[in-house]
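In the numbering used here, the protein residues as written are 272 to 663. Virtual Cβ for every residue (Gly too), placed ideally from N, Cα, C.
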């Protein structure tokens with residue numbers, strides 16, 4: 272585990288962390304002044320402890336919201352204000368040189384976005400007053416509330432996404448992973464919330480529809496090519512599926528593996544399973560259907576994936592790792608809610624306190640060493656990523 276404390280660098284600045292790599296931390300800072308807002312892109316060198324300005328922009332529209340995507344050599348900024356157009360800016364990380372800047376006009380009002388890779392951005396648009404009827408008709412045909420576009424930064428072309436699945440799933444239904452240098456997209460398509468799905472199981476004698484959860488996998492390059500060709504279908508591989516009698520839910524990734532939870536309603540069996548995207552194999556990682564007690568919850572870390580059994584008992588919080596963790600330790604419950612355990616030893620917790628004579632609250636993070644029984648507290652923001660804890 273590595274702790275990076277860059278609060279002295281940030282002071283009281285308004286910071287959004289974009290990426291944490293083994294060598295650098297990349298982040299954005301927005302400052303408001305009399306002439307408007309300024310956006311600064313910055314790099315923190317983990318070896319030297321020094322901050323470097325990559326580039327900065329004056330935001331003429333103070334309502335702009337930035338969405339930042341970091342890649343090996345470039346950063347992409349999407350600026351939007353909830354209307355029908357967005358700005359896309361591509362920047363070289365090393366030099367700060369602007370490689371591309373385009374204004375993109377779409378139908379509807381900006382809803383969300385995600386990057387498939389360093390050259391392709393998916394942009395989702397929701398109904399606005401002018402195009403409400405168009406969206407209503409589109410929803411009747413596809414079942415999707417949003418229109419979706421793929422923008423290619425290399426060719427500066429915008430492509431309408433004809434796949435109703437991609438439009439319907441949205442940003443929350445996608446995870447991009449790297450498998451031995453090749454990018455894939457995990458497509459998450461649960462039928463409904465877990466309690467609703469189980470309700471349908473109880474009432475299945477009245478139901479004829481195909482009530483099904485699906486998790487699919489498709490190559491990023493294949494997806495981009497099919498969208499750009501105007502195809503309504505995409506090439507995808509099913510890695511988990513459950514009809515009305517069961518459910519599957521995505522949990523996280525670790526290297527080549529995709530983890531999901533599978534539950535059978537009839538007998539209550541519940542397991543954490545994994546699919547290895549490189550060798551195409553399925554495995555059961557843990558059986559979690561046996562009772563763990565009333566005061567027990569499961570805590571997961573999505574990437575890299577880990578599962579912990581967390582039990583509160585007699586003023587202690589007991590931690591037991593069951594997937595990708597050998598942790599077997601505890602801490603005093605006064606330190607707050609468990610977040611993660613690193614190296615089977617260091618526990619990070621979070622606790623919120625009310626501010627005296629105020630409606631506001633403050634959050635403290637605790638770093639507890641379960642071997643030495645010592646801890647440190649930090650009143651700040653905290654980001655945990657892949658064995659690195661960033662305090663800012």
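Touch test, the segment 452-465 against the segment 487-497, Cβ-Cβ under 8 Å, three pairs minimum
Touching, yes.
_Bounding residues of the beta strand (DSSP E) (the contiguous stretch that carries residue 411)_ = No beta strand (DSSP E) holds residue 411; the alpha helix (DSSP H) holding it covers 403-413.
**OP:** State the beta-bridge partners of residue 584 as determined by DSSP.
**Re:** For residue 584, which the question treats as bridged, DSSP gives the partners 587.
In the DSSP assignment, what are the bridge partners of residue 505? Note: residue 505 sits in no beta bridge, so no partner.
| query | Which residues in the same chain have their Cβ closer than 8 Å to the Cβ of residue 526, if we skip the five residues on either side of it in sequence? | reply | Only 575 meet the Cβ criterion.
Note down the Cα distance separating residue 659 from residue 472, rounded to an integer number of angstroms. It is roughly 42 Å from the alpha-carbon of residue 659 to the alpha-carbon of residue 472.
Q. Are residue 640 and residue 611 closer than 8 Å when you measure CB to CB?
A. The Cβ-Cβ distance between residue 640 and residue 611 does not fall below 8 Å.
Residue range of the alpha helix (DSSP H) that residue 664 falls in?
Since the displayed the chain opens at 272 and closes at 663, residue 664 lies outside it and no answer follows.
Sub-8 Å separation of residue 275 and residue 317 beta-carbons
Remark: C-beta atoms of residue 275 and residue 317 approach each other more closely than 8 Å.
Item to check | Secondary structure of residue 424, DSSP reduced to three states | outcome: In the three-state reduction of the DSSP assignment, residue 424 falls in the coil class, being assigned neither a helical nor a strand state.
Buried versus exposed, by CB contacts within 10 Å (16 or more), residue 545
Flag for residue 545 reads buried.
- Bridge partners of residue 625, per DSSP? DSSP, once it has assigned bridges, lists 632 as partnering residue 625.
**Prompt:** Leaving out five residues before and five after residue 522 in sequence, what residues of the same chain have Cβ atoms less than 8 Å from its Cβ?
**Reply:** Scanning its chain for C-beta atoms nearer than 8 Å, with the 5 sequence neighbours on each side dropped, one finds around residue 522 the residues 530, 531, 532, 543, 571, 573, 576, 578, in chain order.
Distance CB(residue 369)-CB(residue 425) smaller than 8 Å: Contact: no.
Among 513, 322, 280, nearest to residue 294 - alpha-carbon criterion
Of 513, 322, 280, the residue nearest in Cα terms is 322.
Check your understanding: Is residue 545 helix, strand or coil by DSSP?
Key -> Note: residue 545 maps to strand in three-state DSSP.
**Request:** Would you mind sorting residue 393 into buried or exposed? The rule is 16 or more other CB atoms within 10 Å of its CB.
**Result:** Residue 393 comes out buried.
Q) Nearest-angstrom Cα distance between residue 367 and residue 348? A) Spanning the two alpha carbons is a distance of roughly 13 Å.
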